[in-house]
Amino acid sequence: MHVYSVKTMQYFSEIVLQQCTVHAKQCYCSHNSATVHAKQSLFTHQFVKQCTVHAKQCNCSRVPALEEDIEHCGYTVPKDSQVLVNVWAIGRNSGLWETPSNFKPERFWELEIDVTDPDFELIPFGAGRRICLELPLAIRMVPVILGSLVKTFKWKLDGGIVPNDLDMEEKFGITMAKAQPLLTVPILLLQ
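Okay, so the sequence shown: first residue is 0 according to numbering that gives the first Met the number 0, each after it adds one.
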């Protein structure tokens, strides 16, 4: 499989690890195909949100240099300071997320959290004036691509590796990439 971005690789690694859960959640028993499609689409969006929280991202997001001194939580942040936001820690904050280290897309069934949320509970694309310009494209395309891959194929790891043995380690750089490339074999699911 050719992977086009680091984020796609992270999402797809989670799909391989959680494929049984995804298929179970997408196999709703209903005679109304529109209802099935709506539930599958909603779960795909929840799955993507969970991936953005659970994926091991680059730890910090840079904020532009401060133009003036700022008081925050009893601390003074001096003018011209470079501030780094620990995005990974926000995704693992037990004050925001129940069992944050567990991969549970269903946690988004009742939560009204969005990647453009002004409370900054989910900021995989950054926030404010420095938000990623590709956000609108990603919001539309990632669920379509991931949903198509999961619905059309069953995935197995190349070389007979079992999902529990999948190496999820990253190598640090400008972006966080997998230390070992993800090699998968697609198996067409007959409709």
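Don't be surprised by glycine CBs; every beta carbon is placed ideally from N, CA and C. None of the values given here were measured: they were computed from a predicted structure.
- Query: Are the beta-carbon atoms of residue 166 and residue 182 separated by less than 8 Å?
  - Reply: For the 8 Å CB-CB criterion, residue 166 and residue 182 do not form a contact.
- Would a C-beta distance cut-off of 8 Å place residue 186 and residue 153 closer than the cut-off? The Cβ atoms of residue 186 and residue 153 lie closer than 8 Å to each other.
- Segment limits, alpha helix (DSSP H) that includes residue 189: From DSSP, residue 189 is part of no alpha helix (DSSP H); its letter is neither H nor E.
- Just the Cα atoms here: how many angstroms apart are residue 105 and residue 146? For residue 105 and residue 146, the distance between alpha carbons rounds to 16 Å.
- Task: Quick one: grab the DSSP three-state call for residue 183.
- Result: Three-state DSSP puts residue 183 in a strand.
- Query: How many Å lie between residue 107 and residue 65 at the Cα?
  - Reply: So the alpha carbons of these two residues sit roughly 34 Å apart.
- Return the CA-CA distance between residue 141 and residue 116, expressed in angstroms with no decimal places. Their backbone Cα atoms lie some 19 Å apart in a straight line.
- Query: If you drop the 5 nearest sequence neighbours on each side, which residues of the same chain put their C-beta closer than 8 Å to that of residue 133?
  - Reply: Beyond the five residues adjoining it in sequence on each side, residue 133 comes within less than 8 Å, by CB distance, of 124 in the same chain, given in chain order.
- Task: Report all residues from its chain with a CB closer than 8 Å to the CB of residue 114; omit the five preceding and five following residues, and keep chain order.
- Result: Only 48, 51, 121, 122, 123, 124, 134 and 138 meet the Cβ criterion.
- Message: For residue 78 and residue 97, I'd like the C-alpha separation in whole angstroms.
- Response: If I take the Cα positions, the gap works out to 36 Å.
- Query: If you compare alpha carbons, which of 161, 68, 109 and 100 is closest to residue 87?
  - Reply: Nearest to residue 87 by C-alpha distance, out of 161, 68, 109 and 100, is 100.
- Item | Within the region 70 to 108, ranges of the beta strand (DSSP E) (whole runs, at least 3 residues) | Whole beta strand (DSSP E) segments, 3+ residues: 74 to 76 and 82 to 85.
- Item | Opening and closing residue of the alpha helix (DSSP H) in which residue 148 lies | For residue 148, the uninterrupted alpha helix (DSSP H) segment begins and ends at 134 to 151.
- What does DSSP give as the partner residues of residue 176 in its beta bridges? Answer is 170, bridged to residue 176.
- Message: Can you tell me whether residue 89 is buried or exposed? The criterion is at least 16 other CB atoms within 10 Å of its CB, across all chains shown.
- Response: Around the CB of residue 89, 16 or more other CB atoms lie within 10 Å, so the residue is classed as buried.
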